[in-house]
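Written below as structure tokens is the structure these notes are about.
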Amino acid sequence: MSIHSDAPAVIRQEVESLRRRIEHHNRQYHSLDRPEVSDAEFDALLVRLEALESRYGLQSPDSPTQRVGSAPLPGFVTVRHELPMLSLDKAFDEEELRQFEARVIRWSESEDDLEYCCEPKVDGVAVSLLYRDGALERGATRGDGLNGEDITHNIRTIHDIPLRLAGERFAGTSIEVRGEIFLGKQGFAAINARAREAEGRTYINPRNTAAGAIRQLDSRNTARLPLQMLCYSLGQVEGMTLPNTLFETFDLLDQWGLNTNADRALCAGAGQCLSYCGKLLQKRESLDYEIDGAVIKLNRRDLQQKLGQTTRSPRWAIAWKFPAEEKSAKVLAVDFQVGRTGTITPVARLEPVFVGGVTVSNATLHNMEEIRKLGLCAGDTVIVRRAGDVIPKIVQVSEEGAGREAVVMPGECPACGSPVEADGEVHFRCHAGLFCPAQRRQAVEHFASRQAMDIEGLGVKLIEQLVGSEKVRNVADLYRLTVEDLAGFERMGEKSAAKLAAAIEQSKQTTLGRFLTALGIREVGDATAAALADHFGDIEPLLGASIESLQEVPDVGEVVARHIHGFFSRSDNLALIAALRETGVHWPLGQPKEPDEKPLAGQTFVLTGTLARMTRNDAKAKLISLGAKVAGSVSKRTHCVVAGENAGSKLARAREFELRILDEEAFLAFLEEHGGAA
Ligand code: IVH
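First residue of the sequence shown? That's 3 in the working numbering, and the numbers climb one at a time after it.
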């Protein structure tokens, strides 16, 4: 970007030169891991640049001084992708890959053994970067592929992304680069260690954390995370001629100072592609980023153009998906855990085993029926399966243990000793409620969690101490804690106690949806809570609502209505709500919303197959909170079918009726677009 200012030419030149040098060192340090100067020398350059920019009014958005982030934006602006950001078809086995190859050969009217560019499929978030005259002008999310969000302010904080392209010949050009933003495994472990220490809680996985980070309105939050980017293609390009192959294009991106994946390879024919995928699978654990397969793309651009694309995906590329990983492990014991609402769940304690990218030492067995179906006893060896970021699952007993012991539901709650009672055929429950320390602890944890009252710094360890010492007997007690009380606990200095007290105070200012979530009513997660808040506008009408009127809320069926009604019928719960309000917890009053004001009002969805990144219930709740109806079967009147993996007859019917079908990725983008993202 040129510099317009009255500053003397010599100063302008120095500013230009400092920016170039800083960007060069930035790349050497962050992207190439080959620092050429010490941290102190680097800082000195930055300090000098900052001083000159501020003294002579030479600040510019593409200056490296801007990488620390700036004040929050009021909202996101929509960006239209001139060339849609497509999704990829998937191949799960050799046969599907060979079919892909056969299609490519047929469509391109070419010989066998065309060249393909194979790359790891990075499990991150797709973005588009626009460089005009070589300067970074805009960064955008993929969104639904046609419309994304402007995230330029966050993109500028990512050190992997040059603010200007290296080289000279960019005048008059407009270059759109696409790639994946992600958090490396090491970076993720480091921020989780920090979060555990500071807040007592951790982020679930690198992908979701990266997705959350690039959609921050306050870019200072983004700047705190070590996000990285690998570029994999060009979008719309004007004012320059491009090479005819992807491989040469990658070299060009490298020369411009953009990061590309060094683990790419040129493979002739499906055979070589398959052996690339096999090797990549072996290498998977040693890579510093999460991958879920490989992307196989036809190398020649002229052939890519000849093949073209469907509305969803290009015909010249395919994603090879890794199979779910399976390992065997010994079941050391089966313990019973008490959940927040008293459900007692059997959990297998395993000999630690590394599967699907993580070390697994516990696996939920869900309920006694599951144990019966598996025929599992403590001491057996089992097969553990884990795919992507899905929770590990025990799929079968592979070897019966010598001294195997049958698993028996205890007669007394392992946490409080109250009698355990059957709840239907397969579930068991401790009814002691907040008298049970396990339930009390989890009630407080849930109350303080991000989606509820969001009390930063109130971590699991501290909650254990607060509940254990009886300082906190119910959640209202949290608002009675003083800085002195807090400072008395382990690992709590004066400073962190004061900070936590301020966070507790701050949490009093909340929303009705968060407050309802925080109460922990059975089956009422944040989506249902938001729907209740939308519908009733305030808590009084909700307290008096009948089971029938509760069912008018889009997200609420009879069972949930009974839970809500039951909760508000208990005097101890009403007393707790009153106590919380007395301590100053408050929310702005909402206007009860008419259901048809919601974005998906009047539309019917059907969910089928397995979703990897959310449970079916969550997906359903999200859709309902956006006003949609979720039906169990597909008809001509269905608006859209969300098809996870291994979808069967419902998907076939949807195809037959030519309905709109969203795979998981498209569904997530769709939710994001309609404001229903997690
Ligand atoms: S090429 C037409 N290369 O996978 C799309 N995509 O399922 C061309 N992805 O949205 C994409 N690593 O975000 C390509 N090396 C890679 C990739 C990659 C991850 C993501 C990308 C895309 C999704 C498609």
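Beta carbons: idealized from backbone N, C-alpha and C, even for Gly.
For residue i, three-class secondary structure by DSSP
{"i": "residue 240", "result": "strand"}
{"i": "residue 423", "result": "strand"}
{"i": "residue 558", "result": "coil"}
{"i": "residue 166", "result": "strand"}
{"i": "residue 301", "result": "coil"}
{"i": "residue 364", "result": "strand"}
{"i": "residue 149", "result": "strand"}
{"i": "residue 404", "result": "coil"}
{"i": "residue 353", "result": "strand"}
{"i": "residue 205", "result": "coil"}
{"i": "residue 431", "result": "strand"}
{"i": "residue 636", "result": "coil"}
{"i": "residue 409", "result": "coil"}
{"i": "residue 474", "result": "coil"}
{"i": "residue 645", "result": "strand"}
{"i": "residue 497", "result": "helix"}
{"i": "residue 537", "result": "helix"}
{"i": "residue 377", "result": "coil"}
{"i": "residue 321", "result": "strand"}
{"i": "residue 680", "result": "Bear in mind that a pLDDT of 43 at residue 680, under 50, signals an unreliable position, so the model cannot answer this."}
{"i": "residue 449", "result": "helix"}
{"i": "residue 313", "result": "coil"}
{"i": "residue 227", "result": "coil"}
{"i": "residue 4", "result": "Annotation note: pLDDT 46 at residue 4 (below 50); position unreliable, coordinate value reported separately. Here residue 4 sits in coil by DSSP."}
{"i": "residue 395", "result": "strand"}
Separation of residue j from residue i, as counted between CA atoms
{"i": "residue 680", "j": "residue 666", "result": "Any reading at residue 680 must be qualified, since the residue scores a pLDDT of 43, below 50, and its modelled position is unreliable; the value itself is stated next. Near 14 Å, if we compare the C-alpha coordinates of residue 666 and residue 680."}
{"i": "residue 60", "j": "residue 11", "result": "12 Å"}
{"i": "residue 328", "j": "residue 401", "result": "15 Å"}
{"i": "residue 628", "j": "residue 565", "result": "22 Å"}
{"i": "residue 645", "j": "residue 321", "result": "17 Å"}
{"i": "residue 415", "j": "residue 409", "result": "15 Å"}
{"i": "residue 47", "j": "residue 13", "result": "14 Å"}
{"i": "residue 516", "j": "residue 449", "result": "9 Å"}
{"i": "residue 456", "j": "residue 503", "result": "13 Å"}
{"i": "residue 433", "j": "residue 524", "result": "13 Å"}
{"i": "residue 133", "j": "residue 154", "result": "11 Å"}
{"i": "residue 491", "j": "residue 463", "result": "10 Å"}
{"i": "residue 311", "j": "residue 403", "result": "54 Å"}
{"i": "residue 4", "j": "residue 67", "result": "Confidence is the limiting factor: at residue 4 the pLDDT is only 46, short of 50, which leaves the residue's position unreliable and the question unanswerable from this model."}
{"i": "residue 675", "j": "residue 86", "result": "15 Å"}
{"i": "residue 605", "j": "residue 152", "result": "28 Å"}
{"i": "residue 234", "j": "residue 124", "result": "10 Å"}
{"i": "residue 661", "j": "residue 89", "result": "18 Å"}
{"i": "residue 72", "j": "residue 548", "result": "48 Å"}
{"i": "residue 306", "j": "residue 137", "result": "28 Å"}
{"i": "residue 495", "j": "residue 360", "result": "34 Å"}
{"i": "residue 685", "j": "residue 63", "result": "Nothing can be reported for residue 685, as the shown portion of the chain is limited to 3 through 680."}
{"i": "residue 2", "j": "residue 211", "result": "Residue 2 is absent from the structure shown; the chain starts at 3 and stops at 680."}
{"i": "residue 395", "j": "residue 175", "result": "51 Å"}
{"i": "residue 477", "j": "residue 318", "result": "57 Å"}
{"i": "residue 355", "j": "residue 331", "result": "6 Å"}
{"i": "residue 248", "j": "residue 398", "result": "44 Å"}
{"i": "residue 544", "j": "residue 567", "result": "9 Å"}
{"i": "residue 428", "j": "residue 144", "result": "43 Å"}
{"i": "residue 264", "j": "residue 521", "result": "50 Å"}
{"i": "residue 514", "j": "residue 535", "result": "6 Å"}
{"i": "residue 223", "j": "residue 574", "result": "40 Å"}
{"i": "residue 540", "j": "residue 267", "result": "59 Å"}
{"i": "residue 519", "j": "residue 552", "result": "16 Å"}
Spell out a yes or no on whether the region 616-633 and the region 525-538 are touching, meaning 3 or more CB-CB pairs, one atom from each, closer than 8 Å.
The region 616-633 is in contact with the region 525-538.
Is it true that the region 160-169 meets the region 254-262, where meeting means three or more beta-carbon pairs spaced less than 8 Å apart?
With a cut-off of 8 Å on Cβ pairs, the region 160-169 is in contact with the region 254-262, counting three or more such pairs.
Given 8 Å as the limit, is there contact between the region 206-220 and the region 265-282, that is, 3 or more CB pairs closer than that?
Contact fails: fewer than three Cβ-Cβ distances are below 8 Å.
Quick check: the region 55-71 against the region 183-198, are at least 3 beta-carbon pairs closer than 8 Å?
No contact exists between the region 183-198 and the region 55-71.
Counting only runs that start and end within the region 231-290, where is the alpha helix (DSSP H) found for 4 or more residues in a row?
For the region 231-290, whole alpha helix (DSSP H) runs of length 4 or above, ordered along the chain, are 248-257 and 271-285.
Is it a yes or a no for the region 236-246 touching the region 167-184, going by three-plus beta-carbon pairs under 8 Å?
The region 236-246 is in contact with the region 167-184.
Taking contact to mean at least 3 C-beta pairs separated by less than 8 Å, is the region 635-644 in contact with the region 226-233?
Judged by Cβ distances under 8 Å, the region 635-644 makes no contact with the region 226-233, as fewer than three pairs qualify.
Cβ contact (3+ pairs, closer than 8 Å) linking the region 263-277 and the region 116-133
For the pair of segments examined, the region 263-277 was found to touch the region 116-133: the number of CB pairs separated by less than 8 Å reaches three.
Could you tell me whether the region 418-428 touches the region 436-451, using the rule of 3 or more Cβ pairs below 8 Å?
Counting Cβ pairs under 8 Å, three or more are found: they touch.
List, from N- to C-terminal side, the alpha helix (DSSP H) runs of 4 residues or more that fit wholly inside the region 35-121.
Counting whole runs of 4 or more residues, the region 35-121 contains the alpha helix (DSSP H) stretches 41-58 and 96-110.
Quick one: any contact between the region 481-488 and the region 555-563, if contact means 3 or more CB pairs under 8 Å?
Short answer: they don't touch.
For the pair the region 341-360 and the region 296-307, tell me if three or more CB-CB distances fall below 8 Å.
At 8 Å Cβ cutoff, the stretches do not touch.
Does the contact criterion of 3 or more C-beta pairs under 8 Å hold for the region 609-622 versus the region 646-658?
Under the 8 Å Cβ criterion, the region 609-622 counts as touching the region 646-658, having at least three qualifying pairs.
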